[in-house]
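The structure appears right after this line, and notes come after that.
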Ligand code: DC
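Numbering (the working numbering), first residue to last: 164 to 384.
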């Protein structure tokens, strides 16, 4: 049977629960989950490993041309090495916004992401998916939560991973700073498009959010 490809686009700020929800929706609908943030994180990892200043655009663009980034079965590969764990470290979260604000970086990543969506049915999350990467997606969602709730989630996540030297206040300050860079940058700032359904996860369980998205999609397919 020739099944039509479907695309689900999700945008929202850090810690809103996008990736957890999108991963579950992908399982339920048996489609591919693409975490676009992981691609910016992988490049950030390479930049830091090479002792490049995350604000040095020239050097970052130079290293980008010698970098291979790919996503396969939910795993992110940097120069063919799986870096799923390393990209989640707090040092990456703190620096990734600077790298994601560079036009040349975004152009390359957007191209890679659009290619992935041409081959398979996907659910993709990030900051510019509904606006730039998949503006014609079949379904669009803006997933968010209050700053307090998002900071609490990130703090808990990092504590569970055994990250040292963190406090709730520091994590909240990082999240506010990241929100501001992501939403105010010149190129593809984070915003809700009029045709995206707003999903506030502050007082909802993951399963409730998954059900909202899945039932929306099933109404139509
Ligand atoms: O979702 P995340 O925390 O893994 O995203 C990491 C960073 O990458 C975040 O600061 C925003 C940026 N990003 C982006 O600019 N565009 C995307 N499509 C995905 C992430």
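Even for Gly, the Cβ is constructed at its ideal location relative to N, Cα and C.
Exercise. Going by alpha carbons, who is nearest to residue 106 out of 317, 285 and 330?
Worked result: Only positions 164 to 384 of the chain appear in the structure, and residue 106 is not among them; the question remains open.
Problem set entry | Contact test: residue 196 Cβ vs the ligand DC heavy atom, cutoff 7 Å | Residue mapping note: residue 196 aligns to position 33 of the chain shown, counting from 1. No - the ligand DC has no heavy atom lying nearer than 7 Å to the Cβ of residue 196.
Exercise. Among 294, 257 and 319, which residue has its Cα nearest to the Cα of residue 340?
Worked result: Stepping through the chain shown from its first residue, residue 340 is reached at position 177. With distances taken between Cα atoms, residue 340 lies closest to 257.
Problem set entry | Every unbroken alpha helix (DSSP H) inside the segment 303-372 [4 residues or more] | 310-323 and 331-347
Problem set entry | Under the three-state DSSP convention, the category residue 289 falls into | Here residue 289 corresponds to residue number 126 of the chain shown, with the count starting at 1. Residue 289 falls in the strand class under three-state DSSP.
For this session: With DSSP collapsed to three states, give me the class of residue 235.
Result: Residue 235 sits at position 72 when you count from the first residue of the chain shown. Strand.
Exercise. Bridge partners of residue 256, per DSSP?
Worked result: As a working mapping, residue 256 is identified with position 93 in the chain shown. Answer is none; residue 256 lacks a bridge partner.
Problem set entry | Through-space distance from residue 227 to residue 377, alpha-carbon basis | As a first step, residue 377 is located in the chain shown; it is residue number 214 there, counting from the start. As a first step, residue 227 is located in the chain shown; it is residue number 64 there, counting from the start. If you take the alpha carbons of residue 377 and residue 227, they lie about 36 Å apart.
Problem set entry | Collapsed DSSP secondary structure at residue 278 in the structure displayed | Numbered from its first residue, the chain shown carries residue 278 at position 115. Residue 278 falls in the helix class under three-state DSSP.
Exercise. Alpha carbon to alpha carbon, what distance is there between residue 224 and residue 335?
Worked result: Taking the chain shown and counting its residues from 1, the one referred to as residue 335 is at position 172. Taking the chain shown and counting its residues from 1, the one referred to as residue 224 is at position 61. Taking the straight line from one Cα to the other gives about 30 Å.
Problem set entry | Three or more C-beta pairs below 8 Å linking the segment 361-368 and the segment 305-319 | yes
Problem set entry | Contact check, residue 250 vs residue 239, beta carbons under 8 Å | Counted from its first residue, the chain shown places residue 250 at position 87. Counted from its first residue, the chain shown places residue 239 at position 76. Against a cut-off of 8 Å, the Cβ pair of residue 239 and residue 250 comes out as a contact.
Exercise. Taking all protein chains shown into account, do 16 or more other C-beta atoms lie within 10 angstroms of the C-beta of residue 207, making it buried, or fewer, making it exposed?
Worked result: Taking the chain shown and counting its residues from 1, one reaches residue 207 at position 44. Per the 10 Å Cβ criterion, buried.
Exercise. Does the ligand DC have a heavy atom nearer than 7 Å to the CB of residue 199?
Worked result: Position 36 of the chain shown, counted from the start, is the residue given in the question as residue 199. Result yes, Cβ under 7 Å from the ligand DC.
Problem set entry | Range of the contiguous alpha helix (DSSP H) that encloses residue 220 | Along the chain shown, one-based indexing puts residue 220 at 57. It spans 220-227 - the alpha helix (DSSP H) in which residue 220 sits, taken as one unbroken run.
Exercise. Of the residues 173, 312, 290 and 254, which one's Cα is nearest the Cα of residue 269?
Worked result: As a first step, residue 269 must be located in the chain shown, where it is residue number 106. Closest by alpha carbon: 290.
Exercise. Can you list, in chain order, the residues of its chain whose CB lies under 7 Å from that of residue 267, leaving out five sequence neighbours each side?
Worked result: Taking the chain shown and counting its residues from 1, one reaches residue 267 at position 104. For residue 267, where only same-chain residues beyond five positions count, the Cβ hits under 7 Å are 224 and 227.
Exercise. Which partner residues does residue 241 have in the DSSP bridge list?
Worked result: Reading the chain shown from its first residue, position 78 is the one you call residue 241. Looking at the DSSP assignment, residue 241 forms a beta bridge with 232 and 244.
For this session: Would you check if the segment 207-221 and the segment 167-184 touch, i.e. whether three or more CB-CB distances between them fall below 8 Å?
Result: no
Exercise. On the premise that residue 302 lies in contact with residue 194, defined as a C-beta separation below 8 Å, what is that separation, rounded to the nearest angstrom?
Worked result: Along the chain shown, one-based indexing puts residue 194 at 31. Along the chain shown, one-based indexing puts residue 302 at 139. About 11 Å separates the two Cβ atoms, so there is no contact after all.
Problem set entry | Contacting residues, own chain, Cβ-Cβ under 6 Å from residue 358 (five flanking each side not counted) | Within the chain shown, residue 358 is the residue found at index 195, counting from 1. Closer than 6 Å at the Cβ level, and outside the excluded window around residue 358, lie 303.
Exercise. Mind checking residue 277: buried by the 16 CB within 10 Å criterion, or exposed?
Worked result: Working through the chain shown from its first residue, we reach residue 277 at position 114. That one is exposed.
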